Structures are given as C-alpha cells and as structure tokens.
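Report on one structure; see the data block that follows.
There are 2 protein chains.
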Amino acid sequence: MSEPELLPLLDSLPTERRDAARNRELLLDAAQGLVERHGPHSVTMDAVAAAAGVGKGTVFRRFESREGLMAAVLNHSETEWQAQVMSGAPPLGPGADPWDRLLAFGRSRLETTLLHAEMIREAGRAGMRSFAAYSFVAMHTRYLLAELGVTGDLPILATALLAPLEAPILDQQVTIEGFPLERVYAGWVDLARRIVGRDADPPESF
Amino acid sequence: MSEPELLPLLDSLPTERRDAARNRELLLDAAQGLVERHGPHSVTMDAVAAAAGVGKGTVFRRFESREGLMAAVLNHSETEWQAQVMSGAPPLGPGADPWDRLLAFGRSRLETTLLHAEMIREAGRAGMRSFAAYSFVAMHTRYLLAELGVTGDLPILATALLAPLEAPILDQQVTIEGFPLERVYAGWVDLARRIVGRDADPPESF
DNA sequence: AGCCTAAACGGACCGCGGTCCGTTTCGTAT
DNA sequence: ATACGAAACGGACCGCGGTCCGTTTAGGCT
C-alpha cells in the first residue's frame, strides 16, 4: 500500500525531519537562555551552538544569520503579545471601544518595544520584527482607524501612526534625548488624536 | 615669553596635528571614492586604509568604527543639504510661506534619505545621522510648526512628523511593501495636514 | 532487517571589524 | 640645531559571523 500520509496533511508539506525540529527547539531555548542570563550581546553563534550541543553550521542552517536567530527569539514574545491583542482582556483585547483600544494598543506597544529594544537593534534589519509580525500590527491599526471613521490612505496613515513607536525612533527620544516615557506616550496620544480627528479629549460620554 | 596662542583661539582647542588632519582628509576621500565606485558595502576598513595609504589603526583612531566612518561620509552630503534649507532658494530655503516650506522640506528629505538609504543602514545606530544632524532637522521642523501656529509638545510632534521619513520606515514601505514613492509622499502630506490642522488643501488665498 | 538517498550535521576555514603596543613623527622649548 | 614628551602611526593579533564540504543520520522502500 502507498498511503504516504495517514493524517491528511496537517503540517507544512516539506515536513521537517525529527532531528532538525529537535535541534531548532534546543537552539531557541539556548538562545533565549543566553539572552536572559547575560543579555543579547552575549549571544554569539558559537556560544549558542555550544549551549545547545550542536555544531555551528546547524545554527546557520536553521536561522540563516545571527539577525535571523534574534528575530526568531523575538517572534516568541511577539506571538504572545498578538494573542493578548486578539483575545485578551479589554481595553487591549476586543470589547472596549476603538478609541480606548487604540490608546491601550499604543501604550502596550511602546512598553514592549522598549523592553526588547536591545534585541530588536541586534536583530538589525529583520528586527523591525519579521515581516509577518509587522503586518499584524499594521493590520490591527488599520482596523482600529477604520473603526474610528478615519478616511484616507489607511495603510500609509497607519504606518505614520506606528512609526514613532518603532525602536530606532523611541531609542532616539528616550535614550539619547532623555525624554521621559510618559511624555513620549502623551505625545503619541496627541498624534493619534490629530490623525483620528478628535478635538481634545472627549467629554467622557454624556 | 609664553604667549601660547597668537591668534585668539580660532580653532577648537585641543588643536589637531597636521598629519592627523591630512590623514582625515585622505581617509574621507578614499571612503567616498569607494562608495561611489563600488557601493557602501565595499567599504571595508582595510580597503579604505589601503586606498588612503595609511595603517588600519589610523582609520579607527579617526572614526571610531566602521559605522562612525559611514556617518562621517554621510555628514558631508548632510551639510550641503542643510545649507540648501538655511540659505537656498525657496520653497526649500527661506522666503516661501511656512506651509510650502514644510512640504518642500518633506519632499526633499524623503528623496535624500532614500538616496542614501544603503549608507544610512550601514552606518547603523549612528546612521540616523549623527546627533548634530538630527538636531538640525528636528529644530527646523519645530520652527516651521511653530510658524504655522501649531501648539502642543513641539519636540515630540516634530519627531512624529519626521519618523515616517526615517530610513528604516521608508525602507519598509518602499522596498518591502512596494508602495510607490508618490503615494508615500502624498501620505506624508496628509499627515502634515492633520498635524497642522489644515482642513484639506487651502483654497489658494483669495 | 537491509538498503538507499535526501537531508542534516559539524567543525575547519575565511574575511572583516576592532584592539594593542612598540615605533615614528610633530611641535615646542631651549 | 637639539632634545624631549605627547600624539599619531601601523600592522600583528584576536573574536565572531558566515561558508564549505566531507561525514552521518533519518526514515521510506523492498
């Protein structure tokens, strides 16, 4: 008999060999561990290979480059964060009204980005989060803007609203210019207000 | 006699030795030449040292790091651009009304950044232009916003307006997402409009 | 169980960024 | 002109990211 797949294609087709999958896990754990214990800059490819007990070549085959590895580690926390947005408690999650969700979203994004700033920077180009990750925040922002009745070129407008929350700009403001976090956030809220077109804070319903 | 300075402190005090100054010139020219002839990625520290006919150590003493060297090369064009803004022809230079100047400013910034995108990226952290360079655009933007009667936290607002024109964000939009340049620019104008508070295009005076 | 091939493995090897330190040069004071 | 200290020089050296290729292994087929 030749039934090549008993379970109807559940996993991605060019199925990953068992040892490969195992090593991917080992490497990711090793990398994460190094980050937590000694900071991102301590994550050298040799170190993570040694910590995982595999050869250096394997690290590169799995993750392309050091930046790729960093991005993969980031992806972990990013995924958890996405879950909070899509199905967590309001106001970040669904349920609150769009404006409150937008504010919570900005706040959370600000803090998360700052928290991972170092790793994002070390992930270099891929560190603006893998394209998929960026797509998610962009999409969610477009959705909230649409919900708030904003008209215009939403993809571009969403990018403009997100830009000040990206790591390099935040870095500039907080680390280099020394602006306090609350001021940066307040500024972002003001920006959102201007983009959405709310005139000052709403008088809180009735 | 001990008059240590005949000309009353004209130059920066810890005066640069003649050979040092000469080598700085040689190195900058060499680097610029390499960039023009073979692109930024061809600029290796050994190559630029060899091209300038000096030792590798000298390159590092003058420019700290590869990123520093890149930033120095960038600084050249940046300075010329600043001159255009401060004393060039309108609408970029002084003379036009603030709104037109702001539009010209954004347009010019967009094009310049895109032109040097590769080098900016390779200049890494220092590539958001040396702090001095960033200060200039930030200051000019604040000035124009103030001139346009915008109130609020101008430093933060200026950053927000400039952020979508920074290299990483532009890169994302143009190179990765493939948005045409004109669309990105139009989006930026719309952003400016919302921040400044103009309702649609002004009816062109009377 | 034994075979066979595609895939994964691992570590020697290379180039480049960055450091270090013994040597040379500049500029001044005599 | 000479001497001398500070500053600049240059290139050997090191660690790390990334590649290459000969060897090993997973896992389907008979």
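Keeping their order, the protein sequence lines are chains A and B.
If you use the numbering used here, the first sequence corresponds to residues 1 to 206, in order.
If you use the numbering used here, the second sequence corresponds to residues 1001 to 1206, in order.
From the three backbone atoms N, C-alpha and C, an ideal C-beta is built for every residue, glycine too.
Since we're looking at a predicted model, the values are computed, not measured.
Leu114 of chain A and Phe105 of chain A closer than 8 Å at C-beta: no
Contact between the segment 164-173 of chain A and the segment 1154-1168 of chain B (3+ Cβ pairs under 8 Å): yes
Proximal residues of chain A, C-beta to C-beta of Arg1194 of chain B below 8 Å: Arg194, Ile195, Gly197
Identity of the residue in B:Thr1175, B:Arg1061, B:Phe1179, B:Met1128 nearest Ile1075 of chain B by Cα: The sequence given here places Asn at residue 1075 of chain B; Ile does not occur at that position. Among B:Thr1175, B:Arg1061, B:Phe1179, B:Met1128, the Cα nearest to that of Asn1075 of chain B is on B:Met1128.
Cross-strand partners of Pro1098 of chain B (DSSP beta bridge): Beta-bridge pairing links Pro1098 of chain B to no other residue.
Which listed residue (B:Gly1055, B:Ala1096, B:Phe1179, B:Ala1047) has its alpha carbon closest to that of Leu1144 of chain B: B:Ala1096
Any C-beta of chain B under 8 Å from that of Ile176 of chain A: Under the Cβ criterion of 8 Å, Ile176 of chain A is counted among the residues facing chain B.
Touch test, the segment 179-191 of chain A against the segment 1152-1161 of chain B, Cβ-Cβ under 8 Å, three pairs minimum: yes
Close beta carbons around Glu147 of chain A, own chain, < 7 Å, minus the five adjacent residues each side: Pro98
Beta carbon proximity, Gly1187 of chain B to chain A, threshold 8 Å: Chain A contact via Cβ: present.
Straight-line gap, Thr151 of chain A to Ala47 of chain A (C-alpha atoms, nearest Å): 51 Å
Under the three-state DSSP convention, the category Gly1149 of chain B falls into: coil
Coil, strand or helix - Gly93 of chain A by DSSP: coil
Neighbourhood of Ser77 of chain A by C-beta distance below 8 Å, restricted to the same chain and skipping five residues each side: Thr112, His116
Of the residues B:Asn1023, B:Phe1131, B:Val1085, the one placed nearest Ile176 of chain A, counting alpha carbons only: The residue with the shortest Cα to Cα distance from Ile176 of chain A is B:Phe1131.
Closest residue to Ala1209 of chain B among B:Phe1063, B:Trp1081, B:Met1139 (Cα-Cα distance): Residue 1209 of chain B cannot be examined here, being either before or after the span of chain B that is shown, 1001 to 1206.
Under 8 Å between C-beta atoms of Ala71 of chain A and Ala123 of chain A: yes
Host alpha helix (DSSP H) of Gly211 of chain A (start-end): Because chain A spans 1 through 206 in this model, residue 211 of chain A falls outside it and cannot be assessed.
Buried or exposed (CB count within 10 angstroms, at least 16 for buried), His41 of chain A: In summary, His41 of chain A is exposed, with fewer than 16 beta-carbon neighbours lying within 10 Å of its beta-carbon over all protein chains present.
Proximal chain B residues relative to Met128 of chain A, where beta-carbon distance stays under 8 Å: Those within 8 Å of Met128 of chain A in chain B are Pro1168, Gln1172.
Chain A residues whose Cβ lies nearer than 7 Å to that of Ala1160 of chain B: Neighbours of Ala1160 of chain B across chain A, judged by C-beta separation under 7 Å: Pro164, Gly187, Leu191.
Contacts of Val184 of chain A in chain B (Cβ-Cβ under 9 Å): Ile1156, Thr1159
Start and end residues, alpha helix (DSSP H) containing Gln32 of chain A: First-last of the alpha helix (DSSP H) with Gln32 of chain A: 18-38.
Residue-level contact to chain B via CB, Phe136 of chain A, 8 Å cutoff: By this cut-off, Phe136 of chain A is not an interface position.
8 Å Cβ cutoff met for His67 of chain A and Ala126 of chain A: Strictly speaking, residue 67 of chain A in this sequence is Glu, with His absent from that position. It is a contact, given that the beta carbons lie within the stated cut-off.
Close beta carbons around Ile1195 of chain B, own chain, < 8 Å, minus the five adjacent residues each side: The beta carbon of Ile1195 of chain B sits closer than 8 Å to the beta carbons of Leu1145, Val1150, Leu1157, Ala1160, Leu1161 from its chain, once the five residues preceding and following it are set aside; these are given in chain order.
Closer than 8 Å to chain A by CB, Gly1152 of chain B: yes
Among A:Ser135, A:Arg18, A:Val54, the one whose alpha carbon lies nearest that of Gln1172 of chain B: A:Ser135
Residue span of the alpha helix (DSSP H) that contains Gln84 of chain A, given as start and end: 66-87
First through last residue of the alpha helix (DSSP H) which encompasses Glu1177 of chain B: Counted as a single uninterrupted DSSP element, the stretch harbouring Glu1177 of chain B is not any alpha helix (DSSP H), since DSSP gives it neither H nor E.
Neighbour flag for Phe131 of chain A against chain B, beta carbons, 8 Å: yes
Presumed contact (8 Å Cβ cut-off) between His38 of chain A and Val85 of chain A, rounded CB distance: Actually they do not touch by this definition, with Cβ atoms about 31 Å apart.
CB-CB length for Leu1026 of chain B against Val1054 of chain B, believed under 8 Å: 7 Å
Secondary structure of Ala123 of chain A, DSSP reduced to three states: coil
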